[in-house]
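Asker: Residues 5 to 108 (our numbering) make up the sequence shown, in order.
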Amino acid sequence: MAKLKKYMVVHNNPGIDCEVIQANWRKLAKVESAKWERTYFNDEKGMRYCIWLANDEEQLKNIFTDMDVSWESIIPVEETLPDLWGEKWQEHLEAEKTADTLGD
5 MAKLKKYMVV HNNPGIDCEV IQANWRKLAK VESAKWERTY FNDEKGMRYC
55 IWLANDEEQL KNIFTDMDVS WESIIPVEET LPDLWGEKWQ EHLEAEKTAD
105 TLGD
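So, in structure tokens, the structure goes:
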């Protein structure tokens, strides 16, 4: 299996009904061709920031198009954490070499 890349998908839907979002989340959680990891959201502004693992951006566009879910942008991202810049940095690099669920 190819190593999946990590993407952030930005959805901007001010005024969207929360029930519509929850229905979409239930559908998106069942997707098998990519993996939805988590979503950060600001209900007041209608913004959602979703983290996905996928083969490529096109795969995500197809998923959202098929489910009639709009998006503002889809960008490849990497993750860093505060402890990675301390003593655990080398340990992290070694673990990432063998992990099959992390981005490139």
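Every residue gets a Cβ at the ideal spot worked out from N, C-alpha and C, and that includes glycine. Bear in mind the structure is a predicted one, so any value in this text is a computation, not a measurement.
1) Return the CA-CA distance between residue 104 and residue 9, expressed in angstroms with no decimal places.
2) Report the residue from 74, 56 and 38 whose alpha carbon sits nearest the alpha carbon of residue 25.
3) Keeping to the same chain, check which residues put their C-beta closer than 8 Å to that of residue 71; ignore five residues upstream and five downstream.
4) I need the straight-line Cα distance from residue 18 to residue 44, nearest angstrom please.
5) So the candidates are 91, 36, 40 and 35; which of them puts its Cα closest to the Cα of residue 13?
6) Give the straight-line distance between the Cα atoms of residue 102 and residue 60, rounded to the nearest whole angstrom.
7) If I follow the unbroken alpha helix (DSSP H) through residue 89, where does it start and stop?
8) Does the pairing of the region 91 to 99 with the region 48 to 67 give three or more beta-carbon distances under 8 Å?
9) According to DSSP, is residue 41 helix, strand or coil?
Answerer: A quick look at the data gives this:
1) 10 Å
2) 74
3) 28, 31 and 32
4) 15 Å
5) 40
6) 21 Å
7) Careful: residue 89 lies outside any alpha helix (DSSP H) and carries neither H nor E.
8) no
9) strand
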